[in-house]
Amino acid sequence: MSTTDLKLEAKAKLTLEDKEYELPVVKGSESEVGIDITKLRNISGAITLDSGYANTGSCQSAITFIDGERGILRYRGYPIEELAEKSNFIEVAYLLIYGFLPTKAQLDDFHYKLTHHSLLHEDMKKFFEGFPPTAHPMGILSAMVSSLSAFYPEAGYNADIELNIIRLIAKLNTIAAFSYKKSIGQPYVYPQNHLSYAADFLHMMFSVPTEPYEVPKALEDALDLLLILHADHEQNCSTSTVRMVGSSEANLFASISAGICALWGPLHGGANQQVITMLQKIQDDGGDYKKYVNLAKDKESKFKLMGFGHRVYKNFDPRARILKHAADRVLSELGIKDPMLDIAKNLEDIALKDDFFVERKLYPNVDFYSGIIYRAMGIPTNMFTVMFALGRLPGWIAQWKEMRETPGVRIYRPRQIFIGETQRSYVPISKR
Ligand code: CMC
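Here the sequence shown is numbered in the working numbering, starting from 1 and rising by one per residue.
Here it is as structure tokens:
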């Protein structure tokens, strides 16, 4: 039976040895079905075991819908393709956080607040001094976001939370750019209120006191697109981390700082950095694609095709499709010829014809082509995951806020099946 036909009052039945238990069923607005096991342990003594939470719904959410089989991604009901074409990052951030598209007055007000909170407290600049120039910018980003809680403590009032949301979006741009300036030993460049969010970031990255950087429109638009495409992705690893930390009622900055750390890993947002490293290796190896495809198929090698595969998408990742076209467009608009783009396309062609990838439904994900556009902007490879974090921030905030505003949310606290030693007596060292 398809889940679309399931009646609202349907119950799931679980038989454990000779006993049968009835469990309520929850149905989402897109006919997604969940078996509610909240009371399972109380009534049966058993828990469910779900490694990697692949079948576990951790919450009910009205923010983002993904249908991985059909390659569908929607923010608050709006298809990603439409938002990518017609909207802008700040409007999308508003949509995700507040649940509706803003009026002109609401958007102007939001933009005004974001620009007027983009300065960092001057004392925060001293923190940057303490990091070695080799520090990975994701470590700096997470530490700085956590540090914001020292400057803007949350007293628990809604007004504080709303203001801290604005502060965080406004200041993350500045923190990200400052961490880059620190790494190359250049003076920090302050934000400018007349610029868009994307243009302001590029200005803070590439202006120097002796010469302001005139942000090319093609790059501003490309960055805005990238930020939109990364803005939310329902209960992925970093978002679940934000919710997990937030479920203990930790403040916004602490929760997002934890999410940044989760994003850093190469299986998640860190993959965009790894993709370029991999493409570079293939180039240095004389374009031996087969070698790398074979390595990825060999489990012993521990090598994976970075930017390939996804827990949810089993047909195509709509973000990767948009980015592949965008990479072509941006490079041609700027007159850049990047061999990495050809290598990526060739690798994709070869992998998509290979039974190993076909059988496992492995396709390019959002990280496969994004790095090529970042390179065209002049953004260094170790900043790629920071770019992902900038884009994902509104989604993290929206998810954190939704959790805070949902009555009855309990602290996240999974169970386990213990497989260690059962009780035994302590043996004194003289007798071991
Ligand atoms: N290269 C080679 N084999 C792969 C790859 C890959 N990139 N991805 C998955 N597989 C294989 C995997 O070994 C497994 O094979 P088998 O069935 O023989 O054991 C099968 O495909 C299913 O994979 P899985 O590990 O069960 O998939 P998962 O849902 O646990 O992991 C993933 C998803 C994205 C972590 C994984 O595909 C991966 O490591 N990809 C490379 C890293 C990457 O690009 N990450 C970015 C994800 S998209 C952006 C984001 O949201 O973070």
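Glycine residues also receive a C-beta, built at the ideal position from the N, C-alpha and C atoms. All values derive from a computational prediction rather than experimental measurement.
Would you kindly check if the distance between the Cβ of residue j and the Cβ of residue i is under 8 Å?
| i | j | result |
| --- | --- | --- |
| Glu214 | Ser196 | no |
| Leu263 | Arg375 | no |
| Phe388 | Gly269 | yes |
| Phe316 | Ser149 | no |
| Leu347 | Tyr289 | yes |
| Ile63 | Leu73 | no |
| Asn272 | Thr422 | no |
| His136 | Asn365 | no |
| Asp232 | Ala198 | no |
| Phe131 | Ile140 | yes |
| Val312 | Gly57 | no |
| His117 | Arg167 | yes |
| Ala326 | Ile373 | yes |
| Leu279 | Ile343 | yes |
| Ser183 | Pro133 | yes |
| Glu85 | Ala218 | no |
Can you name the residues that DSSP bridges to residue i?
| i | result |
| --- | --- |
| Thr15 | Glu20 |
| Phe65 | Arg74 |
| Val26 | Gly34 |
| Pro364 | Phe308 |
Any heavy atom of the ligand CMC closer than 7 Å to the beta-carbon of residue i?
| i | result |
| --- | --- |
| Ala296 | yes |
| Phe316 | no |
| Asp367 | yes |
| Met306 | yes |
| Leu267 | yes |
| Asn236 | yes |
| Leu16 | no |
| Leu362 | yes |
| His233 | yes |
| Gly309 | yes |
| Ala262 | no |
| Gly28 | no |
| Ala271 | yes |
When you compare each of the options to residue i by their alpha carbons, which one comes out closest?
| i | options | result |
| --- | --- | --- |
| Gln399 | Glu234, Asp367 and Lys104 | Glu234 |
| Phe201 | Val312, Leu229, Glu211 and Lys171 | Lys171 |
| Gly309 | Ser332, Phe356 and Asp342 | Phe356 |
| Val25 | Lys19, Ile35, Gln192 and Lys401 | Ile35 |
| Phe110 | Lys86, Glu85 and Leu163 | Leu163 |
| Asn193 | His325, Leu279, Lys345 and Thr115 | Thr115 |
| Gly28 | Arg70, Gln60 and Glu17 | Gln60 |
| Asp123 | Pro339, Ile175, Val427 and Leu279 | Ile175 |
| Arg404 | Arg41, Arg319, Gly420 and Gly246 | Gly246 |
| Thr210 | His230, Leu229 and Tyr188 | Tyr188 |
| Ser257 | Ile411, Met144, Lys304 and Leu40 | Met144 |
| Ser207 | Lys181, Leu227, Glu22 and Ile228 | Lys181 |
| Val33 | Tyr426, Pro266 and Glu9 | Glu9 |
Discussion item. So within the segment 283-356, which uninterrupted alpha helix (DSSP H) runs reach at least 4 residues, ignoring any that extend past its ends?
Written reply: 289-297, 318-334 and 339-352
Worksheet item: Quick one: complete alpha helix (DSSP H) runs, 4+ long, within the segment 198-242?
Response: 217-230
Fill in: Contained alpha helix (DSSP H) runs [length at least 4] in the segment 72-127, N- to C-terminal order
80-86, 89-98 and 104-116
Discussion item. Going residue by residue through the segment 142-193, where are the continuous alpha helix (DSSP H) segments of at least 4 residues, counting only ones entirely within it?
Written reply: 158-184
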